[in-house]
Structures are given as structure tokens and as C-alpha cells.
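Report on one structure; see the data block that follows.
In the numbering used here, the protein residues as written are 16 to 243.
Shown next as C-alpha cells:
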């Protein structure tokens, strides 16, 4: 019964329903309800997906004293920083219009830079490359760097219009419970997106992949955390 209680507690922490959690994990609501009722346990793959989605360790889900509340895992103004990160990402590369409007003068040779500001916070995303690319996102608070993320990605196909359109929609779904890239799982037609992350916003690493039907067509790795 320990896992059942932990799962419900995690879900209540961020205010999502059983249906919403099931959708995020690509499962039926009945499966989530069964787990919370204590009448079943997820297999290892689903346990990893749950751990990644709520950003808690598997041990914390299974052990009595291992749980850390979502609201306790962020620092530097707590949820304020995470909320800004989410807003900045949605206001820069999450749509074609946002991408164009957020472009600023390149800070590095041959780089593309996207910027966003709100209150005392500033965000700068600097990247180089095209089909194969690499970049860094930095958040500043009162002109001081407080958070950063590095990423490397590549497209495995030549025709990328459909891929880019799909990825843009996915990244527009970034949420405070997983503020690094897109959601844990997203599917639209023949495109499927997976995002696997470990850690919290102060120290994390992850990987995202996109499949077209059964073929891997895109992959990206990332890592980062708070800066002091």
C-alpha cells in the first residue's frame, strides 16, 4: 500500500487527475486507479516513467521515509524560478512567432540567440548548428546567473519540416513539473515524443527522442542545474 499512497500524494501535489496522469504516461485511467487502490503495481518501465514524471526517485516511491514533496525540491525563490523557466521557454522557441520575436544579436560567432525578460529575471538561449546543434540556456536573476542547461541534439532525417512542426508543439507543452524540455510522453499521428529525465531543477539530466512510426528520427541530450 505504500506505493499507492505515494502515487496519490505525488499526483495531489501538482493537482492533476488520474485521467491526466494516465494520458501523460500513455496508459488507461483504470491502470492508475488500480495502482492507487493498492490492487496492482506498475512494471519497471512504468515505474521509471512515474519517477521521471514526478521527478522523485524510485526509492522514494517505494520506501516509507523516502518521499520529497515536489514543492520542496526547488530553490532560489522555489517555484518562482521554475515558473519563469517555463514562461521563458514558451516565449522563445515554443512557436514560430515566439522564435522570430525573441531573436537578439548573436553573442557568439555564428550563433542564434533567443532572449526573454520578466521582472528581475532574464533568459538567454544561445545555440549553434542546424540539423546537428548544440546550445546553452541561462537564467539570470538581478543580472546574476542562477540556472543553466546545456543541450546537444540532432535530426536523423533530411526532410525536417514535419519534425520541427511536431517538436514545436511538444515544447509548447512544457510544464512546471518537468521544466526542462517537453512532457514525458506526447503523440500526434505517426509522431511520438519521449522525454526521460532524472533529478530536480537544481541538478538534472535527461534525453528526448522522437519517432516517426517505429523509426527514431531525432534525439537530444541535456543536463543542468542551479548556478551559485
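Beta carbons are placed, not taken as given, at the ideal position from N, Cα and C, and that holds for glycine.
I'd like the span of the alpha helix (DSSP H) that includes residue i, first residue to last.
i: residue 178; result: 176-186
i: residue 101; result: 94-105
i: residue 64; result: 59-69
i: residue 51; result: 44-51
i: residue 31; result: No alpha helix (DSSP H) contains residue 31, which DSSP labels as neither H nor E.
Spatial neighbours of residue i within its chain, please: C-beta separation below 8 Å, excluding the five flanking residues on both sides.
i: residue 23; result: 51
i: residue 181; result: 203, 206, 208, 225
i: residue 123; result: 141, 143
i: residue 158; result: 137
i: residue 125; result: 143
i: residue 19; result: 50, 51, 52, 53
i: residue 73; result: 62, 63, 66
Could you name the residues of the same chain whose beta carbon sits closer than 6 Å to that of residue i, not counting the 5 residues immediately before and after it, in chain order?
i: residue 236; result: 167, 222
i: residue 101; result: 189, 191, 194
i: residue 201; result: 185, 208
i: residue 40; result: 64
i: residue 128; result: 119, 121, 122, 141
i: residue 26; result: 36
i: residue 174; result: none
Keeping to the same chain, check which residues put their C-beta closer than 7 Å to that of residue i; ignore five residues upstream and five downstream.
i: residue 197; result: 185, 186, 188, 189, 208, 210, 223
i: residue 43; result: 37
i: residue 242; result: 160, 161, 162, 163
i: residue 83; result: A caution first: residue 83 carries a pLDDT of 41, below 50, which makes its placement in the model unreliable, though a value can still be read off. Closer than 7 Å at Cβ, skipping near neighbours: 71, 75.
Ends of the beta strand (DSSP E) at residue i?
i: residue 212; result: 206-215
i: residue 195; result: Note, residue 195: premise wrong, no beta strand (DSSP E); not H, not E.
i: residue 220; result: 218-227
i: residue 161; result: 159-170
i: residue 232; result: 230-241
i: residue 152; result: 147-156
Determine the contact status of residue i and residue j, defining contact as a CB-CB distance below 8 Å.
i: residue 183; j: residue 111; result: yes
i: residue 136; j: residue 154; result: yes
i: residue 48; j: residue 33; result: yes
i: residue 139; j: residue 133; result: no
i: residue 213; j: residue 116; result: no
i: residue 55; j: residue 165; result: no
i: residue 178; j: residue 108; result: no
Is residue i near the ligand FAD, going by C-beta to nearest heavy atom under 7 Å?
i: residue 31; result: Absent from the structure shown: the ligand FAD. Ligands present: none.
ask   = If you pair each beta-carbon of the stretch 92-103 with each one of the stretch 56-64, do three or more pairs fall below 8 Å?
value = At 8 Å Cβ cutoff, the stretches do not touch.
query = Counting Cβ pairs, one atom from each stretch, are 3 or more of them under 8 Å apart for the stretch 132-147 and the stretch 157-174?
reply = Result yes; three or more Cβ-Cβ pairs closer than 8 Å.
inquiry  = My parser needs the alpha helix (DSSP H) runs of 4 or more residues fully inside the stretch 101-145; what are they?
reply    = Correct list: 111-116.
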